[in-house]
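*Asks:* Note that the sequence shown ends on residue 1004 in my numbering; no numbers are left out. My structure is below; once you've seen it, I'll send some questions.
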Amino acid sequence: METGATALVFYGLGAVAIAAFLLALRRRLQLSRAKHGSLAGHARIARRIASFVPFYEYGEGRFFCSDNAPADIAALRRAGFMRLSTLYATRFRETNRHTAEVLDTISDLQFTQAYRVPFQYGRFVRQHLESGAFVESSEGVMIADLDGNRFYDLTGSYGVNLLGYDCYKGTMERGLARVRELGPVLGPYHPVIADNVKRLSRISGLDEISFHMSGTEAVMQAVRLARYHTRRSHLVRFCGAYHGWWGDVQPGIGNPVPARETYTLKDVSEDSLRLLRTRRNIACVLVNPLQALHPNGGAPADSSLVDSGRRARFDREAHADWLKRLRALCTERNIVLIFDEVFVGFRLALGGAQEYFGVQADLVTYGKTVGGGFPVGVLCGRKDLMKRFRDDRPADICFARGTFNSHPVVMGAMNEFLQLLDTPEIHELYRNLDARWNERAERLNKRLCEESLPVQVANMSSIWTVCYTRPSRYNWMLQYYLRAEGLALSWIGTGRLIFSLNYSDSDFEAVANRFVAAARAMEQDGWWWRNPSTTNQSIKRDVIKEMIVRRFSTLRDHPRPTLGN
Ligand SMILES: Cc1ncc(COP(=O)(O)O)c(C=O)c1O
440 METGATALVF YGLGAVAIAA FLLALRRRLQ LSRAKHGSLA GHARIARRIA SFVPFYEYGE
500 GRFFCSDNAP ADIAALRRAG FMRLSTLYAT RFRETNRHTA EVLDTISDLQ FTQAYRVPFQ
560 YGRFVRQHLE SGAFVESSEG VMIADLDGNR FYDLTGSYGV NLLGYDCYKG TMERGLARVR
620 ELGPVLGPYH PVIADNVKRL SRISGLDEIS FHMSGTEAVM QAVRLARYHT RRSHLVRFCG
680 AYHGWWGDVQ PGIGNPVPAR ETYTLKDVSE DSLRLLRTRR NIACVLVNPL QALHPNGGAP
740 ADSSLVDSGR RARFDREAHA DWLKRLRALC TERNIVLIFD EVFVGFRLAL GGAQEYFGVQ
800 ADLVTYGKTV GGGFPVGVLC GRKDLMKRFR DDRPADICFA RGTFNSHPVV MGAMNEFLQL
860 LDTPEIHELY RNLDARWNER AERLNKRLCE ESLPVQVANM SSIWTVCYTR PSRYNWMLQY
920 YLRAEGLALS WIGTGRLIFS LNYSDSDFEA VANRFVAAAR AMEQDGWWWR NPSTTNQSIK
980 RDVIKEMIVR RFSTLRDHPR PTLGN
């Protein structure tokens, strides 16, 4: 009898264990299904693979024919490269000299210089095509370097430059003038802040505002508040989306520690909605509306442009539909929906991405341009979510400070910026915004097509990216041809071109002419030569093979191995 009871208990426990296991398995499979198939969708694996990638580089011999181009094509490329090299050395002499002087002591500069092109080509490019890091003036849509060269600015100062540099010179100066009497007093507020919160509340459609020093900090605070109020642990971000460099929103490559309370899910996906519907530990969903240009893709940078696989295409209606469904689900599940508009806020519409896509979020972050030229992060939110303490639990607080938050100069310049948004001249810039930028992109694409150049642009309003239509290993060279034509790009090269809204038709025409000229020169110099059997897949395969060979061969004897020298 006793033995029978013991067996019964044993079987019961076994059944419970199996049921628990099956349940856990089901949950795990559901999570796996909601992850994007790319490496960016699998943070842990990506980090592991990244640590496996060995350094190697192409010596001069291989540099011009890493795609096995014939000798005449390699010679053509070499001649074009050396012509550019001479031009860079003479035209950018002073700018380069200054850059070389500080390079050893500015860590950020070393990083950006190292990651302009795929690493296999890096050293040779840096030796011959120095990218000067200094500029000394801006005017209209142009910036000028230390040699007096003027460039059309396509860097957009990481997105800060929305209305044109001269506009920000004004907001910075007037902002400073308005708070001059107070100076750097921190803690108490300058009265200008009252108008800022009123305007930001109207723009965001939300009740309360907090100020921070950067977009990253604003996002940190948004997530912290969501966790505090929901008492749940996990944040959801979508594959490829950038939300600043705080660890929790940047799992995977670039962050030395794992982000254990972050789910990276597939963007625009039913599988992700299914997961959101069933998990109880999700505090918030972070949305960077820029991802609509390349859902699930990381920020496109030329350092990873080893083939022509970069894809981008923006469909406003489809994305609005997705965001609305996400909104509805977050409401249903009490998940905090955070729009991270640090980059796109004010760029797509006066009311930001919320207005543009017709979706009201619970928390919204802004940054970059809203500082009127000074550094800032802003969080706007629903009253119940912004509260940092509980009336009934005085010790249970959600702490957030920051010495320079609400700095008088930033508040002054911000107010000048926000006031400008209400002027007829600025309203005029926003009129038919998408139509204007779409038409410009189409016009450029038509010209590139007519000349059979293997380049096309894709855009989300004034944010553009360059795509390549012929499989090639050398697309990253285009950034150097563009610079030679007087177009300034940021360190991520052709991955992102950011226009300020004050680009006139004639400014744009000049940019388009130079862009086509650069692509034409690159084509004439043979960089886009292609063996008919080459595909993006075959290029990727070849690169992976090279890495594997390097990893398992001469690494110990040759710490900086060189191919085909
Ligand atoms: C969407 C988004 N969120 C957050 C950040 C971080 O802002 P910051 O660089 O001011 O810290 C950025 C910066 O590019 C961004 O694009």
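We put the CB at the ideal spot given by N, CA and C, even for glycine. As the structure is a computational prediction, the values presented were derived from the model and not from experiment.
#1: Answer yes if the stretch 686-700 comes into contact with the stretch 625-642, meaning at least three C-beta pairs across the two stretches below 8 Å, and no otherwise.
#2: What is the C-beta distance between residue 672 and residue 473, in whole angstroms, given that I count them as a contact (C-beta under 8 Å)?
#3: Please name the residue, chosen from 587, 965, 464, 836, that lies closest to residue 571 on a Cα-to-Cα basis.
#4: When you compare only the Cα positions, how much space is there between residue 1004 and residue 913?
#5: Let me check understanding here. Comparing Cα to Cα, which of 941, 821, 828 lies closest to residue 643?
#6: Express the C-alpha separation of residue 779 and residue 803 in angstroms, rounding to a whole number.
#7: Rounded to whole angstroms, what is the Cα-Cα separation between residue 754 and residue 500?
#8: Exposed or buried, which one is residue 724 when buried takes at least 16 other CB atoms within 10 Å?
#9: Could you check whether the Cβ of residue 655 sits closer than 7 Å to any heavy atom belonging to ligand 1?
#10: Excluding five sequence neighbours on each side, which residues of the same chain lie with their C-beta closer than 7 Å to the C-beta of residue 681?
#11: Take residue 1040 and list the residues in its own chain whose beta-carbon comes closer than 7 Å to its own, dropping the five residues that flank it on each side.
#12: Pull up the CB-CB distance for residue 598 and residue 807, whole angstroms please, since I reckon it's below 8 Å.
#13: Are residue 763 and residue 707 close, meaning C-beta to C-beta below 8 Å?
#14: Using DSSP with H/G/I as helix, E/B as strand and the rest coil, what is residue 815?
#15: Tell me whether residue 498, by its Cβ, gets closer than 7 Å to a heavy atom of ligand 1.
#16: What residues are listed by DSSP as bridge partners for residue 673?
#17: Classify residue 443 as helix, strand or coil using the three-state DSSP reduction.
#18: Rounded to the nearest angstrom, what separates residue 658 and residue 521 at their Cα positions?
#19: For residue 976, count neighbouring C-beta atoms within 10 Å of its own C-beta (all shown protein chains included) and say buried if the count is 16 or more, exposed if not.
#20: In angstroms, rounded to a whole number, what distance separates the CA positions of residue 652 and residue 510?
#21: Using only alpha-carbon positions, find the residue among 931, 842, 559 that is nearest to residue 627.
#22: Please confirm if the stretch 606-626 is in contact with the stretch 949-969, defined as three or more CB-CB distances below 8 Å between the two stretches.
#23: From residue 733 to residue 620, what does the alpha carbon distance come to, in whole angstroms?
#24: Hey, is residue 706 close to ligand 1, as in C-beta under 7 Å from one of its heavy atoms?
*Replies:* By the coordinates alone:
#1: no
#2: What you label residue 672 is simply residue 233 of the sequence shown in a count that begins at 1. What you label residue 473 is simply residue 34 of the sequence shown in a count that begins at 1. Not really, about 17 Å apart at Cβ, beyond 8 Å.
#3: The residue labelled residue 571 in the question sits at position 132 within the sequence shown. Answer by Cα proximity: 587.
#4: The residue given as residue 1004 occupies position 565 in the sequence shown. The residue given as residue 913 occupies position 474 in the sequence shown. With a pLDDT of only 49 at residue 1004, under 50, the local geometry of the prediction cannot be trusted, and the value read off the model is given with reservation. Going by the C-alpha atoms only, they are around 19 Å apart.
#5: As a working mapping, residue 643 is identified with position 204 in the sequence shown. Between residue 643 and the set 941, 821, 828, the nearest pair of CA atoms involves 821.
#6: As a position in the sequence shown, residue 803 is number 364, starting the count at 1. As a position in the sequence shown, residue 779 is number 340, starting the count at 1. Distance between the alpha carbons of residue 803 and residue 779: 6 Å.
#7: Locating residue 754 in the sequence shown gives position 315, counting from the first residue. Locating residue 500 in the sequence shown gives position 61, counting from the first residue. Their Cα atoms are separated by approximately 44 Å.
#8: Against the sequence shown, residue 724 aligns to sequence position 285. Buried.
#9: Position 216 of the sequence shown, counting from 1, holds the residue named residue 655. Residue 655: yes, Cβ under 7 Å from ligand 1.
#10: Taking the first residue of the sequence shown as position 1, residue 681 is located at position 242. Here the set comprises 727, 738.
#11: The first residue shown for the chain is 440 and the last is 1004, placing residue 1040 beyond what the model contains.
#12: For the purposes of this step, residue 598 is taken as the residue at position 159 of the sequence shown. For the purposes of this step, residue 807 is taken as the residue at position 368 of the sequence shown. The pair is a contact, with the Cβ atoms about 5 Å apart (cut-off 8 Å).
#13: Counted from its first residue, the sequence shown places residue 763 at position 324. Counted from its first residue, the sequence shown places residue 707 at position 268. No, Cβ-Cβ distance for residue 763 and residue 707 is not below 8 Å.
#14: As a working mapping, residue 815 is identified with position 376 in the sequence shown. Coil, per DSSP.
#15: Indexing the sequence shown from 1 puts residue 498 at position 59. Checking every heavy atom of ligand 1 against the Cβ of residue 498, none is found closer than 7 Å.
#16: In the sequence shown, residue 673 corresponds to position 234, counting from 1. Looking at the DSSP assignment, residue 673 forms a beta bridge with 721.
#17: Reading the sequence shown from its first residue, position 4 is the one you call residue 443. Three-state DSSP puts residue 443 in a helix.
#18: Within the sequence shown, residue 658 is the residue found at index 219, counting from 1. Within the sequence shown, residue 521 is the residue found at index 82, counting from 1. For residue 658 and residue 521, the distance between alpha carbons rounds to 45 Å.
#19: Looking up residue 976 in the sequence shown gives position 537. Exposed, by the Cβ-count rule.
#20: Position 213 of the sequence shown, counting from 1, holds the residue named residue 652. Position 71 of the sequence shown, counting from 1, holds the residue named residue 510. Between residue 652 and residue 510, the C-alpha separation is close to 54 Å.
#21: Position 188 of the sequence shown, counting from 1, holds the residue named residue 627. Checking every option, the nearest Cα to that of residue 627 belongs to 842.
#22: no
#23: The residue labelled residue 733 in the question sits at position 294 within the sequence shown. The residue labelled residue 620 in the question sits at position 181 within the sequence shown. Straight-line Cα distance between these residues: approximately 47 Å.
#24: Along the sequence shown, one-based indexing puts residue 706 at 267. The answer is no for residue 706.
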